[in-house]
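**Q** Residue 884 in my numbering sits at position 579 of the sequence shown; the count goes up by one each step and never skips. Glycine is no exception: its CB is placed at the ideal position from the N, C-alpha and C atoms.
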Amino acid sequence: MDGIPLSDYPRPQLVRSSYLSLNGIYRCCITRHSLHPSHDRHTIIETVYEGDITVPYPPESLLSGVGHVLMPDEAITYNRKFEIHEDFLNEVTLLHFDAVDYMCEIYLNGKMAAKHEGGYLPFCIDISKLIQEGSNKLDVIVTDPTDSACQPRGKQKLRHKGIFYTPVSGIWQSVWLETMPYGYIKSISIDTDIDDSTVTIHADTDSEEFFASIIDKDNVICQGLSDRNKKITFKLEDAHLWSPEDPFLYSIELKAGTDIVKSYFGMRKFDIVKDEKGYSRLTLNNDIYFHNGVLDQGYYQDGIYTPKSDEDMVKDIKLVKRLGFNMIRKHIKVEPLRWYYHCDRLGILVWQDIVNGGGRYRFGTVAALPFAGIKLDDSNYKLFAREDEYYRKRFEEDLAEYVKHLNNCVALCQWTLFTEGWGQFDSIRLTKLLRSLDSKRYIDSTSGWHEQENDSSDFYSRHIYFTKIRFKKQINKVIALTEFGGYAIMTEDHMFSKDKKFGYRLYKDKESLQNAYDRLYKKYIIGNIKKGLSACVYTQLSDVEQEINGFVTYDRQVFKFDIQRIKAVNNLINKMNMDARIKWKR
Numbered sequence: 306m307d308g309i310p311l312s313d314y315p316r317p318q319l320v321r322s323s324y325l326s327l328n329g330i331y332r333c334c335i336t337r338h339s340l341h342p343s344h345d346r347h348t349i350i351e352t353v354y355e356g357d358i359t360v361p362y363p364p365e366s367l368l369s370g371v372g373h374v375l376m377p378d379e380a381i382t383y384n385r386k387f388e389i390h391e392d393f394l395n396e397v398t399l400l401h402f403d404a405v406d407y408m409c410e411i412y413l414n415g416k417m418a419a420k421h422e423g424g425y426l427p428f429c430i431d432i433s434k435l436i437q438e439g440s441n442k443l444d445v446i447v448t449d450p451t452d453s454a455c456q457p458r459g460k461q462k463l464r465h466k467g468i469f470y471t472p473v474s475g476i477w478q479s480v481w482l483e484t485m486p487y488g489y490i491k492s493i494s495i496d497t498d499i500d501d502s503t504v505t506i507h508a509d510t511d512s513e514e515f516f517a518s519i520i521d522k523d524n525v526i527c528q529g530l531s532d533r534n535k536k537i538t539f540k541l542e543d544a545h546l547w548s549p550e551d552p553f554l555y556s557i558e559l560k561a562g563t564d565i566v567k568s569y570f571g572m573r574k575f576d577i578v579k580d581e582k583g584y585s586r587l588t589l590n591n592d593i594y595f596h597n598g599v600l601d602q603g604y605y606q607d608g609i610y611t612p613k614s615d616e617d618m619v620k621d622i623k624l625v626k627r628l629g630f631n632m633i634r635k636h637i638k639v640e641p642l643r644w645y646y647h648c649d650r651l652g653i654l655v656w657q658d659i660v661n662g663g664g665r666y667r668f669g670t671v672a673a674l675p676f677a678g679i680k681l682d683d684s685n686y687k688l689f690a691r692e693d694e695y696y697r698k699r700f701e702e703d704l705a706e707y708v709k710h711l712n713n714c715v716a717l718c719q720w721t722l723f724t725e726g727w728g729q730f731d732s733i734r735l736t737k738l739l740r741s742l743d744s745k746r747y748i749d750s751t752s753g754w755h756e757q758e759n760d761s762s763d764f765y766s767r768h769i770y771f772t773k774i775r776f777k778k779q780i781n782k783v784i785a786l787t788e789f790g791g792y793a794i795m796t797e798d799h800m801f802s803k804d805k806k807f808g809y810r811l812y813k814d815k816e817s818l819q820n821a822y823d824r825l826y827k828k829y830i831i832g833n834i835k836k837g838l839s840a841c842v843y844t845q846l847s848d849v850e851q852e853i854n855g856f857v858t859y860d861r862q863v864f865k866f867d868i869q870r871i872k873a874v875n876n877l878i879n880k881m882n883m884d885a886r887i888k889w890k891r
């Protein structure tokens, strides 16, 4: 698919041979309306833009070819024609949208195919009765209230500054087609147990059963027929475990009737134990394992939420690995499934934030009071701008979709439910709900502050940027510094804005920046590991617009630190990790 942007197969966790990318050039019209365009009745006041747009880049981005911020009273309409050859169609045809922000209507050949509300999760439509051989016409109409409503939106803000950025609207992940026979495999769930050396595969299919094969490199090591519950368990001899240091993946092939899909899995286990001093420690595969991570917001200078190419995602992950880190905290954004696949195969743990929503954040709640050590009860919806019942319910419903969507991602080991009070509500109850959906991953209920009395979070989670890094002794929780650092330096000709700049501490030159970084880690990270610190997340991988505290600039052209010195610090942490592991095993 040469020339089609981001045309790599979009779902590595469930691969089917039938695939047609609908990324590329669409016609686009942006119109302003007298009423919010999500209402049934509205009048077009003016046409703001009419021309081409490159999908899947959001219209706000340079790569889209549009460069227009969609306002709450505007609608963007996409349309394109595409050809379907006779040999492509099967009994069922699905149209996939991997992410569209926020409300959309989809029409195929003049008939409505679906309506959808959401911004970060994929959806698909059965268009078997609408698609035809030869020419087809696809129309997509999208509206997006951004921060004028209470839907999940992450760091998007119409009037952006500081730690908030240019909003993203419309189609921002891949659009594609697949065809399959009746009785096809709709989805699979993979559960591994390293203590029993077993892998259990469950398939959602209308077929009575499926046949599964487990493949180690090119050799089939297990195969068999599922039971009537569409489930099968295999015992693996001498199971090869997955870790960031050795990211080994087994391959899977499943057959249901004439439908064939491929997937993969890794044998790994995440748990918490007490060390010899009584501190709670994270473990990987039954060994104590320090999570040494970097915050990554997933923004790109020319594409905003959307990378120019698959390789751009790979380069970022490889840079984190090269620096000696073993974890990425994906901050308030959900990436394309290919990003998680690359983390699985390259070997980097993933902490995944749930995308925040709610009304306009109150400064006192999310910033001022926490610094004074005041915690608020998150059942007070007004204080946390969570009065809107509809969006509270939507957030709760989305939790199940997050888990289902990312369940088979090997490297994903942690969920962050709320961050710094943004849109926080009922965190104790929602932590229990999330744990019932996914009991094998860690949960940070309230990253930063506003933890609730007697909560069930796995972490004593702190964000510390301006004060000395200290922790209260914890008995039953893992001590984690889930945000810190944010050291900044200006880089001429590589800044998003000459006038706006934000960083938690600004340094004059590279040497003073690196010296400060070394002191920070050696005194406060290495110094606190012996006192129970089990995870840390440095802010951040790259600059994002006016926020200039990344290891690299927003355009990824300038690395601002000394790579060898960062690796040297991380080598010290790795050695402490190994020493702690050996001591604990004794």
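Considering only DSSP beta bridges, list what asparagine 597 is partnered with.
**A** For this step, residue 597 is matched to residue 292 along the sequence shown. Answer by DSSP bridge pairing, in chain order: Cys841.
**Q** Hey, proline 457 and valine 660 are a contact pair by Cβ (cut 8 Å); roughly how many whole angstroms apart?
**A** By 1-based counting over the sequence shown, the position of residue 457 is 152. By 1-based counting over the sequence shown, the position of residue 660 is 355. Yes, they are in contact, since the Cβ atoms of proline 457 and valine 660 sit about 4 Å apart, within 8 Å.
**Q** Determine the direct distance from the alpha carbon of tyrosine 412 to that of arginine 346, and round the result to whole angstroms.
**A** Position 41 of the sequence shown, counted from the first residue, corresponds to residue 346. Position 107 of the sequence shown, counted from the first residue, corresponds to residue 412. Low local confidence applies: a pLDDT of 48 at arginine 346 is under 50, so the model's placement there is unreliable, and no value is given.
**Q** By DSSP, does glutamine 869 sit in helix, in strand, or in coil?
**A** In the sequence shown, residue 869 corresponds to position 564, counting from 1. The answer is helix: DSSP assigns glutamine 869 an H, G or I state.
**Q** Of the choices Leu600, Ile637, Asn597, Trp644, whose alpha-carbon is the least far from that of methionine 275?
**A** The structure shown does not extend to residue 275, since the chain spans only 306 to 891, so no value can be given for it.
**Q** Between the beta-carbon of valine 857 and the beta-carbon of valine 599, is there less than 8 Å?
**A** Position 552 of the sequence shown, counting from 1, holds the residue named residue 857. Position 294 of the sequence shown, counting from 1, holds the residue named residue 599. No.
**Q** Given a cut-off of 8 Å on the beta-carbon distance, is the pair threonine 844 and glycine 790 in contact?
**A** Translated into positions along the sequence shown, residue 844 becomes position 539. Translated into positions along the sequence shown, residue 790 becomes position 485. In contact: threonine 844 and glycine 790 (Cβ atoms closer than 8 Å).
**Q** Could you tell me the alpha carbon to alpha carbon distance between glycine 664 and phenylalanine 676, rounded to whole angstroms?
**A** The count along the sequence shown starts at 1 and reaches residue 664 at position 359. The count along the sequence shown starts at 1 and reaches residue 676 at position 371. If I take the Cα positions, the gap works out to 22 Å.
**Q** CA-CA distance, alanine 517 and leucine 367?
**A** Looking up residue 517 in the sequence shown gives position 212. Looking up residue 367 in the sequence shown gives position 62. For alanine 517 and leucine 367, the distance between alpha carbons rounds to 45 Å.
**Q** Using a 10 Å radius around the Cβ and a threshold of 16 neighbouring Cβ atoms, would you call aspartate 449 buried or exposed?
**A** By 1-based counting over the sequence shown, the position of residue 449 is 144. So aspartate 449 ends up on the buried side.
**Q** If you reduce the DSSP assignment to three classes, tell me which class tryptophan 547 lands in.
**A** The residue labelled residue 547 in the question sits at position 242 within the sequence shown. Residue state, collapsed to three classes: coil.
**Q** For alanine 785, which three-state DSSP category applies?
**A** As a first step, residue 785 must be located in the sequence shown, where it is residue number 480. Reduced to three states, the DSSP call for alanine 785 is strand.
**Q** Considering only C-alpha positions, which residue in the set Arg337, Ala785, Leu399, Phe428 is nearest to proline 597?
**A** Taking the first residue of the sequence shown as position 1, residue 597 is located at position 292. At residue 597 the sequence reads asparagine, which differs from the proline that was named. It is Ala785.
**Q** Take alanine 885 and list the residues in its own chain whose beta-carbon comes closer than 8 Å to its own, dropping the five residues that flank it on each side.
**A** As a working mapping, residue 885 is identified with position 580 in the sequence shown. Excluding positions up to five away in sequence, the list reads Asp580, Arg586, Ile593, Phe595, Ile834.
**Q** Determine, for alanine 418, whether the minimum Cβ-Cβ distance to residues of chain B falls below 8 Å.
**A** This model lacks chain B altogether, as it is built from one protein chain only.
**Q** For the alpha helix (DSSP H) that lysine 579 lies in, which residues bound it at each end?
**A** Here residue 579 corresponds to residue number 274 of the sequence shown, with the count starting at 1. Not the alpha helix (DSSP H): lysine 579 falls in the beta strand (DSSP E), residues 575-579.
**Q** Quick check on glutamate 381: does DSSP put it in helix, strand or coil?
**A** The sequence position of residue 381 within the sequence shown is 76, counting from 1. Per the sequence presented here, residue 381 reads as isoleucine, with glutamate not at that position. The answer is strand: DSSP assigns isoleucine 381 an E or B state.
**Q** Check asparagine 875 in the structure and name its three-state DSSP category.
**A** Here residue 875 is taken as the residue at index 570 of the sequence shown, counted from 1. Correct three-state label for asparagine 875: helix.
**Q** How would you label methionine 408, buried or exposed, when you count the other beta carbons within 10 angstroms and need 16 or more for buried?
**A** Taking the first residue of the sequence shown as 1, we reach residue 408 at position 103. When all chains shown are included, methionine 408 counts as buried.
**Q** Out of curiosity, what's the CA-to-CA distance linking aspartate 500 and phenylalanine 539?
**A** Numbered from 1 along the sequence shown, position 195 holds the residue referred to as residue 500. Numbered from 1 along the sequence shown, position 234 holds the residue referred to as residue 539. When rounded, the distance between both Cα atoms is 13 Å.
**Q** For the candidate residues Tyr569, Thr505, Trp481, whose alpha-carbon lies nearest to that of isoleucine 895?
**A** Residue 895 lies beyond the residue range present for the chain, which begins at 306 and ends at 891; the question has no answer from this structure.
**Q** Would you give the residue range spanned by the beta strand (DSSP E) that alanine 793 belongs to?
**A** Translated into the one-based positions of the sequence shown, residue 793 becomes position 488. Residues 792-794.
**Q** For threonine 787 versus histidine 768, is the C-beta distance shorter than 8 Å?
**A** Residue 787 sits at position 482 when you count from the first residue of the sequence shown. Residue 768 sits at position 463 when you count from the first residue of the sequence shown. A contact, by the Cβ cut-off of 8 Å.
**Q** Give me whichever residues DSSP pairs with histidine 421 in a beta bridge.
**A** The residue you call residue 421 lines up with position 116 of the sequence shown. Histidine 421 is bridged to Cys409.
**Q** Using 10 angstroms around the beta-carbon of proline 427, count the other beta-carbons present and answer buried if the total reaches 16, otherwise exposed.
**A** Here residue 427 refers to the residue found at position 122 when the sequence shown is read from its first residue. Result: buried.
**Q** Which residue marks the beginning of the alpha helix (DSSP H) containing asparagine 820, and which one marks its end?
**A** Looking up residue 820 in the sequence shown gives position 515. Note, asparagine 820: alpha helix (DSSP H), 815-825.
**Q** Around the C-beta of aspartate 406, are 16 or more other C-beta atoms found within 10 angstroms, so that it is buried, or is it exposed?
**A** For this step, residue 406 is matched to residue 101 along the sequence shown. Answer is buried; the Cβ neighbour count reaches 16.
**Q** Which residue wins for smallest C-alpha separation from threonine 352, given the options Pro363, Glu756, Ser339?
**A** Taking the sequence shown and counting its residues from 1, the one referred to as residue 352 is at position 47. When only C-alpha atoms are compared, the closest one is Ser339.
**Q** Assuming threonine 736 is part of the alpha helix (DSSP H), what are its boundary residues?
**A** Translated into the one-based positions of the sequence shown, residue 736 becomes position 431. Looking at the DSSP string, the run of the alpha helix (DSSP H) that includes threonine 736 is 732-742.
**Q** Quick check on leucine 530: buried or exposed, where buried means 16 or more other Cβ atoms within 10 Å of its Cβ?
**A** For this step, residue 530 is matched to residue 225 along the sequence shown. The residue in question, leucine 530, is exposed, as its Cβ has fewer than 16 Cβ neighbours within 10 Å.
**Q** In three-state DSSP terms, what is phenylalanine 700?
**A** As a first step, residue 700 must be located in the sequence shown, where it is residue number 395. Reduced to three states, the DSSP call for phenylalanine 700 is helix.
**Q** With distances taken from CA atoms, which of Glu410, Ile493, Thr398, Tyr354 is nearest histidine 507?
**A** The residue labelled residue 507 in the question sits at position 202 within the sequence shown. Minimum Cα distance to histidine 507 is reached at Ile493.
**Q** Please classify lysine 522: does DSSP put it in a helix, a strand, or coil?
**A** For this step, residue 522 is matched to residue 217 along the sequence shown. In the structure shown, lysine 522 sits in coil (DSSP, three-state: anything other than H, G, I, E or B).
**Q** In this structure, what does DSSP give as the bridge partners for valine 447?
**A** If you number the sequence shown from 1, residue 447 lands on position 142. According to DSSP, which records beta bridges pairwise, valine 447 is partnered with Ile381, Cys409.
**Q** Do tyrosine 812 and isoleucine 830 come within 8 Å of each other at the CB atom, strictly closer than that value?
**A** Here residue 830 is taken as the residue at index 525 of the sequence shown, counted from 1. Here residue 812 is taken as the residue at index 507 of the sequence shown, counted from 1. Cβ atoms of isoleucine 830 and tyrosine 812: not closer than 8 Å.
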